[in-house]
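Participant:
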Amino acid sequence: MSKSIFAESLSRLGTETAFDVLAKARVLEAKGKNIVHLEIGEPDFDTPAFIKEAAIKALWDGYTHYGPAQGLPALREAAASYLTRSRKVQFEPDEMVITPGAKPILFFSIMALVNPGDEVIYPNPGFPIYESMINYVGGVPVPLRLREENQFRADVAELRSKITVRTKLMILNTPQNPTGSVLTKADVEGIAEMVEGRDLMVLCDEVYCQILYEGKFESLASLPGMKEKVILLDGFSKTYAMTGWRLGYAAARKDLVAYISKLMVNSVSCTASFVQMAGAAALNGPQESVGLMVSEFKQRRDLIVAGLNALPGVTCVKPAGAFYVFPNITGTGMSSQELADLMLYEGGVALLAGTCFGAYGEGYLRLSYANSQENIRQALTRMKTTLEKHAGK
Ligand code: PLP
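If you're matching positions, the sequence shown starts at 5 in our numbering and goes up one per residue.
What follows is the structure, encoded as structure tokens:
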């Protein structure tokens, strides 16, 4: 047998299944089947007009060339000032690095920090790219199980029990994808106490920080002594409905920012210049659109949680943030993948098996409620009909 032409490391690379399910749903749609899309994690709102106008102006102003790998000063200043205001700790423009989407921050920081054999603690169920990247660089993935009985928040004592001398990095995500859980003040204080004095870094994925319905957003970076330990990831995709623009950033210690910038030079050179100017306008401009979007999401959350809890064999915790629900489907007697397939092919509802977010997602589904209330109602009706038809089969 001839040897594979592909690098062995590729066998360790995972993926984000939401895109596969979207592709399957599109095939069914092309054959005439009607599908309600609750699989993809992107706001269904349009990017606010003033942000589009800023991009157009930037094009006419000549932001059509390469820029610095670390990001344009105008956006690094806007991002540092936004983080200083919102996280209540001082951030400087030279501690910021701008990337095409927030996702590359995960890629680059894991590459920059993790040696083969280093342990990385990450949430499971969690955003699948964490586990994929840890494996890709030869790190040892150490899953922290998020439990329904703890509203899917990271349990601080359990987290502490996962730390060993080999722990290099810990990944936190609040509000969380796929469960919508949000860390409390007591949680982040407990984590700060545990991290204090230890030789490890914490990647705080705060990309959903503004999509919050209950309580206050708590960032680990806000606590004394934590800023140096934290890689704070944030972006524009979710807050400003800018998924297709590809714009995100991180705040981190300057030496790490320099390495991430070097990885930028080696990969994409820089983030699109006019897109960065639109991002600066987004952060410096009126924020009403964010509030309007969040209040609409809140209504949808209430609608979908009530609807799911009324389905046979399904129970659903009410999430405090993001735009996902993670219902428990063990009462249906089906596995997550069986039920997700049934819903897609028979029910006409595209959603994800909980296992798309790691092994501890078994027994759950993830639904994104970034879709109209009308479509959510339609999806719930279809799910009810399908479940009733299959009950006891
Ligand atoms: N982090 C989490 C938890 C996400 O859910 C996503 C996107 O779905 C990202 C990061 C990356 O977002 P983007 O690259 O669009 O900025």
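Every residue gets a Cβ at the ideal spot worked out from N, C-alpha and C, and that includes glycine.
Whether or not the region 370-384 and the region 33-45 are in contact is what I'm after, with contact meaning three or more pairs of Cβ atoms, one per stretch, closer than 8 Å; do they touch?
Facilitator: Result yes; three or more Cβ-Cβ pairs closer than 8 Å.
Participant: For G283, I'd like the list of residues in its chain whose CB is within less than 6 Å of its CB, leaving aside the five on either flank, ordered along the chain.
Facilitator: Stepping through the sequence shown from its first residue, residue 283 is reached at position 279. Excluding residues within five positions, the ones whose Cβ falls inside 6 Å are L79, F240, L251.
Participant: Taking 7 Å as the cut-off, is the beta-carbon of N38 closer than that to any non-hydrogen atom of ligand 1?
Facilitator: Here the question's residue 38 lines up with position 34 in the sequence shown. Result no, Cβ not under 7 Å from ligand 1.
Participant: Which residues neighbour ligand 1 when neighbourhood means a C-beta less than 6 Å away from any of its non-hydrogen atoms? List them by chain order.
Facilitator: Here the list is G45, G105, A106, K107, F131, N177, N181, D209, V211, G239, S241, T247, G252.
Participant: Beta-carbon within less than 8 Å of G121's beta-carbon, same chain only, minus the 5 sequence neighbours each way: which residues are those?
Facilitator: By one-based count along the sequence shown, residue 121 stands at place 117. Hits under 8 Å: G142, G143, V144, R170.
Participant: Along the chain, where does the alpha helix (DSSP H) containing N379 start, and where does it finish?
Facilitator: To locate residue 379, count along the sequence shown from 1; it is residue 375. 377-394 is the extent of the alpha helix (DSSP H) around N379.
Participant: What residue ranges within the region 93-162 form continuous beta strand (DSSP E) runs of no fewer than 3 residues, ordered along the chain?
Facilitator: Those beta strand (DSSP E) runs which fall completely within the region 93-162 and span 3+ residues are 100-103, 123-128, 144-149.
Participant: When we look at the beta-carbon of K231 and count the other beta-carbons within 10 Å, is it buried (16 or more) or exposed?
Facilitator: Sequence index remark: in the sequence shown, residue 231 carries index 227 (1-based). Buried, since its Cβ has 16 or more Cβ neighbours within 10 Å.
Participant: Which residues does DSSP pair with V353 in a beta bridge?
Facilitator: Looking up residue 353 in the sequence shown gives position 349. Answer is V40, bridged to V353.
Participant: Per DSSP, what are the beta-bridge partners of C208 in this structure?
Facilitator: Taking the first residue of the sequence shown as position 1, residue 208 is located at position 204. In the DSSP output, where bridge partners are listed per residue, C208 has L176, L236.
Participant: CA-CA distance, T183 and G325?
Facilitator: The count along the sequence shown starts at 1 and reaches residue 183 at position 179. The count along the sequence shown starts at 1 and reaches residue 325 at position 321. Cα to Cα, T183 sits roughly 9 Å from G325.
Participant: So what does DSSP say about T171, is it helix, strand or coil?
Facilitator: Within the sequence shown, numbered from 1, the residue matching residue 171 stands at position 167. Reduced to three states, the DSSP call for T171 is strand.
Participant: Report all residues from its chain with a CB closer than 7 Å to the CB of E392; omit the five preceding and five following residues, and keep chain order.
Facilitator: Taking the sequence shown and counting its residues from 1, the one referred to as residue 392 is at position 388. Closer than 7 Å at Cβ, skipping near neighbours: P316.
Participant: Taking 8 Å as the threshold, find out whether the region 102-120 comes into contact with the region 254-261 through three or more Cβ pairs.
Facilitator: Cβ pair count under 8 Å is three or more, so yes.
Participant: For the candidate residues L371, C213, D159, whose alpha-carbon lies nearest to that of E193?
Facilitator: Here residue 193 is taken as the residue at index 189 of the sequence shown, counted from 1. Nearest of L371, C213, D159 to E193, Cα basis: D159.
Participant: With DSSP collapsed to three states, give me the class of G311.
Facilitator: Here residue 311 is taken as the residue at index 307 of the sequence shown, counted from 1. Three-state result, G311: helix.
Participant: Where N154 and A34 are concerned, what is the direct C-alpha to C-alpha distance, given to the nearest angstrom?
Facilitator: Your numbering for residue 154 matches position 150 in the sequence shown. Your numbering for residue 34 matches position 30 in the sequence shown. Computed Cα separation, rounded: 42 Å.
Participant: Using 8 Å as the threshold, is the C-beta distance between G351 and R386 below it?
Facilitator: The sequence position of residue 351 within the sequence shown is 347, counting from 1. The sequence position of residue 386 within the sequence shown is 382, counting from 1. Contact: yes.
Participant: Please state whether DSSP places N332 in a helix, a strand or coil.
Facilitator: The sequence position of residue 332 within the sequence shown is 328, counting from 1. Strand, per DSSP.
Participant: Does DSSP classify T188 as helix, strand or coil?
Facilitator: Here residue 188 corresponds to residue number 184 of the sequence shown, with the count starting at 1. DSSP places T188 in coil when its eight states are reduced to three.
Participant: What do you reckon, are the CB atoms on V279 and Q214 nearer than 8 Å?
Facilitator: On the sequence shown, residue 279 is found 275 positions in, with the first residue counted as 1. On the sequence shown, residue 214 is found 210 positions in, with the first residue counted as 1. Not in contact: V279 and Q214 (Cβ atoms no closer than 8 Å).
Participant: Under the DSSP definition of a beta bridge, which residues are partnered with T319?
Facilitator: Working through the sequence shown from its first residue, we reach residue 319 at position 315. The partner list for T319 (beta bridge, DSSP) reads N332.
Participant: Alpha carbon to alpha carbon, how far is E222 from I167?
Facilitator: As a first step, residue 222 must be located in the sequence shown, where it is residue number 218. As a first step, residue 167 must be located in the sequence shown, where it is residue number 163. Their backbone Cα atoms lie some 22 Å apart in a straight line.
Participant: Taking the beta strand (DSSP E) that A254 falls in, what are its first and last residues?
Facilitator: Counting from one through the sequence shown, the residue named residue 254 turns up at place 250. Its beta strand (DSSP E) spans residues 252-255.
Participant: In three-state DSSP terms, what is L227?
Facilitator: Residue 227 sits at position 223 when you count from the first residue of the sequence shown. Of the three classes helix, strand and coil, the one that applies to L227 here is coil, per DSSP.
Participant: Let me check one thing: in DSSP terms, what residues is L369 bridge-paired to?
Facilitator: Position 365 of the sequence shown, counted from the first residue, corresponds to residue 369. In DSSP, L369 forms a bridge with A357.
Participant: Return helix, strand or coil for L260, following the three-state DSSP convention.
Facilitator: Locating residue 260 in the sequence shown gives position 256, counting from the first residue. Looking at L260 - three-state DSSP - the assignment turns out to be helix.
Participant: Report the three-state DSSP secondary structure of V17 (helix, strand or coil).
Facilitator: Here residue 17 refers to the residue found at position 13 of the sequence shown. Looking at the sequence provided, one finds Leu at residue 17 rather than Val. If DSSP states are grouped into helix, strand and coil, L17 belongs with coil.
Participant: Under a three-way DSSP split, which group does G201 fall into?
Facilitator: On the sequence shown, residue 201 is found 197 positions in, with the first residue counted as 1. It is coil, neither helix nor strand.
Participant: So S340 packs on Y368, CB below 8 Å; how close in whole Å?
Facilitator: Locating residue 340 in the sequence shown gives position 336, where the first residue counts as 1. Locating residue 368 in the sequence shown gives position 364, where the first residue counts as 1. Yes, they are in contact, since the Cβ atoms of S340 and Y368 sit about 6 Å apart, within 8 Å.
Participant: Using the beta-carbon count (16 or more within 10 Å), is L14 buried or exposed?
Facilitator: The sequence position of residue 14 within the sequence shown is 10, counting from 1. Looking at its Cβ environment, which holds fewer than 16 other Cβ atoms inside 10 Å, L14 is exposed.
Participant: Measure the Cβ-Cβ separation of V124 and I138 and say whether it is below 8 Å.
Facilitator: For the purposes of this step, residue 124 is taken as residue 120 along the sequence shown, with counting starting at 1. For the purposes of this step, residue 138 is taken as residue 134 along the sequence shown, with counting starting at 1. Yes.
Participant: Can you tell me whether K37 is buried or exposed? The criterion is at least 16 other CB atoms within 10 Å of its CB, across all chains shown.
Facilitator: For this step, residue 37 is matched to residue 33 along the sequence shown. The residue in question, K37, is exposed, as its Cβ has fewer than 16 Cβ neighbours within 10 Å.
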